[in-house]
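A.B. asks: Numbering of the sequence shown is given in this note's numbering, commencing with residue 34 and proceeding in unit increments.
Just so it is clear, CB atoms sit at the ideal spot from N, CA and C, and this is done for glycine as well.
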Amino acid sequence: EEEDTTVYPLRLANIGNTCYLNSVMQILVNLPQLKEILNDNDKITKMINRISKFSHNGEFIDQFLRVINLRWEVNYAKKNNNVNLRPFKSICGKIQPRFDTFEQQDGNEFLTFVLDELHEELNIKYKREYIPNPDNEFHHNTEEELSNLYWANYIRRSSSFINALFSFQLKSILTCEECQHSKISYE
Numbered sequence: 034e035e036e037d038t039t040v041y042p043l044r045l046a047n048i049g050n051t052c053y054l055n056s057v058m059q060i061l062v063n064l065p066q067l068k069e070i071l072n073d074n075d076k077i078t079k080m081i082n083r084i085s086k087f088s089h090n091g092e093f094i095d096q097f098l099r100v101i102n103l104r105w106e107v108n109y110a111k112k113n114n115n116v117n118l119r120p121f122k123s124i125c126g127k128i129q130p131r132f133d134t135f136e137q138q139d140g141n142e143f144l145t146f147v148l149d150e151l152h153e154e155l156n157i158k159y160k161r162e163y164i165p166n167p168d169n170e171f172h173h174n175t176e177e178e179l180s181n182l183y184w185a186n187y188i189r190r191s192s193s194f195i196n197a198l199f200s201f202q203l204k205s206i207l208t209c210e211e212c213q214h215s216k217i218s219y220e
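Below, the structure is given as structure tokens:
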């Protein structure tokens, strides 16, 4: 008998006003770059940072991976089973109480939360020293040099494949209305 390689849609159980959660999970489980890494259970298990004070001992990613892994179990999907999101929603609510309710939430805020938590549990930087960002008033760097210095400081503290896929840098300019002095920073 031939192996069934059909990709069945992920069916997420609706457990109240959780459209925001379902939408975010549908997007994430179907991103090819994320799927490629997360489908390698041996590799991803070795990446999990269970000792960082910023992670949750791997609990978050364990529940996230449970949803992802069910996505690829053909027999599970073929039987029209819905993935129960209660364990994942429970860990989300434990970490961030606003997600512990069954009230409507903002999808973008939930996506940001999920990406932050995944990053923290996959961050290879175990020790994070505080590195002050440069003040351009005293260094007189070009904007490009300043941007690169801020980014280098960020990477020294935060490094995961989640960052590699989703991070970006914003430039802020604060200008005094009285003297017109401007300060540039990057986030």
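Give a yes or no on whether the C-beta atoms belonging to S218 and S205 are separated by under 8 Å.
C.D. replies: Start at 1 with the first residue of the sequence shown, and residue 218 comes out as number 185. Start at 1 with the first residue of the sequence shown, and residue 205 comes out as number 172. Going by C-beta atoms, S218 is nearer than 8 Å to S205.
A.B. asks: Roughly how many whole angstroms lie between the Cα atoms of L6 and Q213?
C.D. replies: The structure shown does not extend to residue 6, since the chain spans only 34 to 220, so no value can be given for it.
A.B. asks: Rounded to whole angstroms, what is the Cα-Cα separation between Q137 and R131?
C.D. replies: By one-based count along the sequence shown, residue 137 stands at place 104. By one-based count along the sequence shown, residue 131 stands at place 98. Whole-angstrom Cα-Cα distance: 10 Å.
A.B. asks: Using the C-alpha atoms, what's the distance from T134 back to Q66?
C.D. replies: Locating residue 66 in the sequence shown gives position 33, where the first residue counts as 1. Locating residue 134 in the sequence shown gives position 101, where the first residue counts as 1. Distance between the alpha carbons of Q66 and T134 is about 31 Å.
A.B. asks: Could you tell me the distance, in whole angstroms, from the CA atom of N115 to the CA atom of Q59?
C.D. replies: Position 82 of the sequence shown holds residue 115. Position 26 of the sequence shown holds residue 59. Taking the straight line from one Cα to the other gives about 13 Å.
A.B. asks: Between L54 and the rest of its own chain, which residues show a CB-CB distance below 7 Å, the 5 nearest in sequence each way excluded?
C.D. replies: For this step, residue 54 is matched to residue 21 along the sequence shown. Taken in chain order, the residues that qualify are L118, K122 and F143.
A.B. asks: Please tell me whether F87 and E177 are closer than 8 Å, where the distance is taken between their beta carbons.
C.D. replies: Working through the sequence shown from its first residue, we reach residue 87 at position 54. Working through the sequence shown from its first residue, we reach residue 177 at position 144. For F87 and E177, no; Cβs fall outside 8 Å.
A.B. asks: For R83, which residues of its own chain have a beta-carbon under 6 Å away from its beta-carbon, when the five flanking residues on both sides are left out?
C.D. replies: What you label residue 83 is simply residue 50 of the sequence shown in a count that begins at 1. So the qualifying residues of the chain are N90 and G91.
A.B. asks: Considering only the alpha carbon of each residue, which of P165, N74, E211 and E150 lies closest to L179?
C.D. replies: Here residue 179 refers to the residue found at position 146 when the sequence shown is read from its first residue. It is P165 whose Cα lies nearest to the Cα of L179.
A.B. asks: Spell out the partners DSSP gives L45 in its beta bridges.
C.D. replies: By 1-based counting over the sequence shown, the position of residue 45 is 12. Its beta-bridge partners are V116.
A.B. asks: Among all the DSSP beta bridges, which residues are the ones paired with L218?
C.D. replies: Taking the sequence shown and counting its residues from 1, one reaches residue 218 at position 185. The amino acid occupying residue 218 in the given sequence is Ser; Leu does not appear at that position. S205, per the DSSP bridge assignment.
A.B. asks: So the candidates are Y159, V100, G126 and R161; which of them puts its Cα closest to the Cα of L71?
C.D. replies: On the sequence shown, position 38 is the one that residue 71 refers to. It is V100.
A.B. asks: Could you tell me whether the Cβ of E150 comes closer than 8 Å to any Cβ of chain C?
C.D. replies: The structure shown contains no chain C; it is built from a single protein chain.
A.B. asks: Where does R131 fall in DSSP's three states?
C.D. replies: Position 98 of the sequence shown, counted from the first residue, corresponds to residue 131. Here R131 sits in helix by DSSP.
A.B. asks: Given this structure, state the Cα-to-Cα distance separating F201 from I195, to the nearest angstrom.
C.D. replies: In the sequence shown, counting from the first residue as 1, residue 201 sits at position 168. In the sequence shown, counting from the first residue as 1, residue 195 sits at position 162. The straight-line gap from Cα to Cα measures roughly 11 Å.
A.B. asks: Let's see if you can read the secondary structure: which residues bound the alpha helix (DSSP H) around T78?
C.D. replies: Numbered from 1 along the sequence shown, position 45 holds the residue referred to as residue 78. From DSSP, the alpha helix (DSSP H) with T78 extends over N74 to M80.
A.B. asks: How is Q96 classed by DSSP in three states: helix, strand or coil?
C.D. replies: Mapped onto the sequence shown, residue 96 falls at position 63. In this structure, Q96 counts as helix in the three-state DSSP scheme.
A.B. asks: Cα separation between V62 and S56?
C.D. replies: Within the sequence shown, the letter at position 29 stands for residue 62. Within the sequence shown, the letter at position 23 stands for residue 56. So the two alpha carbons sit approximately 10 Å from each other.
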